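If you read the sequence shown in UniProt numbering, its first letter stands for residue 1, the second for the next number, and so on. By construction, the Cβ of each residue, glycine as well, lies at the ideal position given by its N, Cα and C atoms. All of these numbers come straight from a predicted model, not from anything done at the bench. Only one structure is covered here, and it is reproduced in the block below.
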Amino acid sequence: MRIDPSKVYTDADIENAMATVARVIELYGDAYWPILERLERELTERRLKAARLNAHLRRFRSRSNQQPSIGVSGRPVRAIGTQA
Numbered sequence: 001m002r003i004d005p006s007k008v009y010t011d012a013d014i015e016n017a018m019a020t021v022a023r024v025i026e027l028y029g030d031a032y033w034p035i036l037e038r039l040e041r042e043l044t045e046r047r048l049k050a051a052r053l054n055a056h057l058r059r060f061r062s063r064s065n066q067q068p069s070i071g072v073s074g075r076p077v078r079a080i081g082t083q084a
């Protein structure tokens, strides 16, 4: 089996690999622990990144719903055709 560096692996792919490696450790010993630890780290990091991103997006969306849009100049953006 070859690893394709261009493929995006899903959380389910990583979880399946963890199950496989756990079985290998059970059958053949602790020499394979570093692989399991690496997979655990990868899955944890991916989930933490997703949670952080979602938190920022929720905060941005709730803030943008409550405040008027601000332009580059720092002034509120008006709809086209409205007077200041």
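Option in the options with minimal Cα separation from residue i
| i | options | result |
| --- | --- | --- |
| residue 43 | 4, 24, 5 and 17 | 17 |
Exposed unless 16 or more other CB atoms sit within 10 angstroms - verdict on residue i
| i | result |
| --- | --- |
| residue 57 | exposed |
CB contact flag (residue i, residue j, <8 Å)
| i | j | result |
| --- | --- | --- |
| residue 46 | residue 11 | yes |
| residue 39 | residue 21 | yes |
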